[in-house]
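J.:
2 protein chains.
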Amino acid sequence: MTVSRSPEAKVAGATRERILNAAETLFVEQGFDATSLRQITASAGANLASVNYHFGSKEALVREVFDRRLRVINAERLAELDEAESEAGDRPLAPEKLIEAFLLPVLRMSKDRTRGGHAFIRLLGRAYTEPTETVRKLLAEEYVEVLERFKRALLRALPELPEKELVWRVHFALGAMSYAIAGADSVQLIASYEVRDTDNVDSILQRIVPFIVAGLSAPVSASTPRSERRAA
Amino acid sequence: MTVSRSPEAKVAGATRERILNAAETLFVEQGFDATSLRQITASAGANLASVNYHFGSKEALVREVFDRRLRVINAERLAELDEAESEAGDRPLAPEKLIEAFLLPVLRMSKDRTRGGHAFIRLLGRAYTEPTETVRKLLAEEYVEVLERFKRALLRALPELPEKELVWRVHFALGAMSYAIAGADSVQLIASYEVRDTDNVDSILQRIVPFIVAGLSAPVSASTPRSERRAA
DNA sequence: GTCTATATCATGATAGAC
DNA sequence: GTCTATCATGATATAGAC
């Protein structure tokens, strides 16, 4: 791919990226269906036809909006996990370390306004509950490796937890995380006063890690149905 | 309003309900934007114009789809809370009791297929992260009273927790709950084997309550930034 | 690669007969 | 209250000049 990089190719790449950036922002604000190709291209300073030229269809554009960021995030997640595991040697990792390894890349992207991606983070939380099959499938494919690795690490970190129980708790944890990140706005729903430290992603990490670790480490016995519960 | 209930009025009521039921189901499967009035009326066996006759607009229909169920759920939530509080007398409630009071009405509706509403529950989880302002606003209005009451009860149940911290944790908990209920499907994302006890809502309740209680009760000190952390 | 112009289609909403 | 017919709009996608 080092051959014949014409000046036009550079411009083309730039257009492609401007479209992706514009789409990302508009998708966050309005959702996928409510965002038209006209809006996207207008906002990107590109031509209406350019989306179909560069991506083939609106659906393919959506896929690429997710792919572009998730590739980075998930690679960094695995890297964080590798590092933490090699640090720990043979011992199982502390659950805190695991949660941090999973969340740090997201929060890093959320902070770094120069590389972009700040907006994307809010999309990510919504993607799980999307009705559109396209998005859910894409996400499943992109996450399968990462979640397997983290699941295995969690099983080692919490050896007393049955796997089935763990799977559910990871699911709950993903929900908590996605609300934490995507819906920071809606905290106002329950806050009677101003909360506005939304932008301070560090504070979110500090708050959610203990919440999730405690949830994952909760005693299993408590989940026994009330009727079957025995005195301790 | 007891005057002149003609036979037509009964039919009209039935049509109205059929439209609401059809819309509810289709919204779950496809989302609001992707669902057309034509689909809804066809599925309801009603005329295309009937939506605008009965509701005035598509947006108003969306509002009513939510209102109809949330009125019931939130009234039951308050009733559950009242009952638990009067049982406890002067003592603060156990956090478990609070979480159960909040979740039971939802799970009850999810189970009861005769009264309908099974589909709605999946909508509910998605509503928080909806980009559309209409839905988010509606939800905020409908929830403000319930969340205030539960917040006050939680402050009593967890007196050592600063209010600001509590607000965030409730937010996380809402995320965990909405994933638990709305996205039971996506558990398969991380499960290598079959999980399919989705329909058994009791088992979800048994699993999520300890998770949330543990998260809410987590020590606050742990959320101090690493740099500021002091030895215990 | 980019642009204009356009084909094709589906949408929400409404007017007006019954 | 229900129906048919239709309007106006905006959507995605493409053809073809530059």
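First to last, the protein sequences are chains A and B. Heads up, the first sequence is in the working numbering, so the first residue is 54 and it goes up one at a time. Heads up, the second sequence is in the working numbering, so the first residue is 54 and it goes up one at a time. Think of the CB as a built atom: it goes at the ideal place given N, C-alpha and C, for glycine as much as any other residue.
Does the CB of B/T182 have a neighbour CB from chain A at under 9 Å?
T.: Cβ-Cβ to chain A under 9 Å: yes for B/T182.
J.: With 8 Å as the limit, tell me which residues of the region 89-111 of chain B have their beta carbon closer than that to any beta carbon of chain A; keep them in chain order.
T.: Correct list: empty, as no residue qualifies.
J.: Taking C-beta to C-beta, are B/L192 and B/E77 nearer than 9 Å?
T.: Against a cut-off of 9 Å, the Cβ pair of B/E77 and B/L192 comes out as no contact.
J.: Go ahead and pull the three-state DSSP assignment for B/L269.
T.: B/L269: helix per DSSP, three-state reduction.
J.: Output the distance between the C-alpha atoms of A/R166 and A/P184, rounded to the nearest integer angstrom.
T.: When rounded, the distance between both Cα atoms is 29 Å.
J.: Is there contact between the region 149-168 of chain B and the region 69-84 of chain B, where contact requires at least three CB pairs shorter than 8 Å?
T.: Touching, no, given that fewer than three Cβ pairs across the two stretches are closer than 8 Å.
J.: Taking its Cβ as the centre, do 16 or more other Cβ atoms sit within 10 Å of A/N100, making it buried, or is it exposed?
T.: Exposed, since its Cβ has fewer than 16 Cβ neighbours within 10 Å.
J.: Can we say the region 119-137 of chain A touches the region 208-227 of chain A, given the rule of at least three CB pairs closer than 8 Å?
T.: At 8 Å Cβ cutoff, the stretches do not touch.
J.: From A/V266 to B/P145, what does the alpha carbon distance come to, in whole angstroms?
T.: When rounded, the distance between both Cα atoms is 25 Å.
J.: Determine the DSSP secondary structure at A/E183, reduced to helix, strand or coil.
T.: Coil at A/E183, not helix or strand.
J.: Mind reading off the beta-carbon distance from A/L269 to A/L211? Whole number of angstroms is fine, and I expect it under 8 Å.
T.: Right, their Cβ atoms sit about 6 Å apart.
J.: By the three-class DSSP mapping on this structure, what secondary structure does B/F228 have?
T.: The identity of residue 228 of chain B in the sequence shown is Gly, whereas the question assumes Phe. Helix.
J.: Going along the chain, which residues of its own chain have a beta-carbon closer than 6 Å to the beta-carbon of A/I234, five neighbours each way excluded?
T.: Excluding positions up to five away in sequence, the list reads I174 and G178.
J.: Hey, out of A/R161, A/L151, A/L258 and A/T88, whose CA is closest to A/A204's CA?
T.: According to the sequence as given, residue 204 of chain A is Lys; it is not Ala. Ranking the options by Cα distance to A/K204, first place goes to A/L151.
J.: Please compile the residues from chain A whose C-beta is within a distance smaller than 8 Å of the C-beta of B/V167.
T.: It should be noted that the sequence gives Thr, not Val, for residue 167 of chain B. The contacting residues do not exist; B/T167 stays about 24 Å from chain A at best.
J.: Determine the DSSP secondary structure at A/E112, reduced to helix, strand or coil.
T.: A/E112 falls in the helix class under three-state DSSP.
J.: Are the C-beta atoms of A/L227 and some chain B residue less than 9 Å apart?
T.: Yes - at least one Cβ of chain B is within 9 Å of the one on A/L227.
J.: Look at the alpha carbon of B/P272 and the alpha carbon of A/A113, and state the distance between them as a whole number of angstroms.
T.: Rounded to whole angstroms, B/P272 to A/A113 spans 45 Å at the Cα level.
J.: Using C-beta distances below 7 Å, list every residue in its chain close to A/F339, excluding the 5 sequence neighbours before and after it, in chain order.
T.: With chain A covering only 54 through 285, there is no way to say anything about residue 339 of chain A.
J.: Is the shortest distance between the beta-carbon of A/S317 and the beta-carbons of chain B less than 9 Å?
T.: In the structure as shown, chain A begins at 54 and stops at 285. Residue 317 of chain A is therefore absent and cannot be evaluated.
J.: At which residues does the alpha helix (DSSP H) containing B/T94 begin and terminate?
T.: Where B/T94 is concerned, the enclosing alpha helix (DSSP H) stretches over L90 to A97.
J.: For A/P215, is the classification buried or exposed, using 16 other Cβ atoms within 10 angstroms of its Cβ as the cut-off for buried?
T.: The residue in question, A/P215, is exposed, as its Cβ has fewer than 16 Cβ neighbours within 10 Å.
J.: For a contact defined as C-beta to C-beta under 8 Å, what are the partners of B/E218 on chain A?
T.: Near B/E218 (Cβ distances below 8 Å), the residues of chain A are R260.
J.: Looking at B/F119: is its Cβ nearer than 9 Å to the Cβ of B/A180?
T.: Contact: yes.
J.: Distance check for A/D86 and B/S139, CA to CA, integer angstroms please.
T.: So the two alpha carbons sit approximately 48 Å from each other.
J.: As a quick exercise: from B/K190, B/T68, B/V220 and B/R121, pick the residue whose alpha carbon is nearest that of B/R168.
T.: When only C-alpha atoms are compared, the closest one is B/R121.
J.: DSSP on A/D86, reduced to helix/strand/coil?
T.: Three-state DSSP puts A/D86 in coil, outside helix and strand.
J.: List, in chain order, every chain B residue whose beta-carbon is nearer than 7 Å to that of A/D86.
T.: Within 7 Å Cβ-Cβ: G84, D86 and A87.
J.: Would you mind sorting A/E195 into buried or exposed? The rule is 16 or more other CB atoms within 10 Å of its CB.
T.: A/E195 comes out buried.
J.: Could you check if B/Y232 is buried or exposed, using at least 16 other CB atoms within 10 Å of its CB as the buried criterion?
T.: When all chains shown are included, B/Y232 counts as buried.
J.: Among residues of its own chain, excluding the 5 on either side of B/L123, which ones have a beta-carbon nearer than 6 Å to its beta-carbon?
T.: Contacts found: E195.
J.: Just tell me which of A/P263, A/S89 and A/S103 has its CA closest to the CA of A/R71.
T.: When only C-alpha atoms are compared, the closest one is A/S103.
J.: Consider the Cβ of B/P158: report whether some Cβ of chain A lies at a distance smaller than 9 Å.
T.: By this cut-off, B/P158 is not an interface position.
J.: So B/L208 packs on B/L219, CB below 8 Å; how close in whole Å?
T.: The pair is a contact, with the Cβ atoms about 6 Å apart (cut-off 8 Å).
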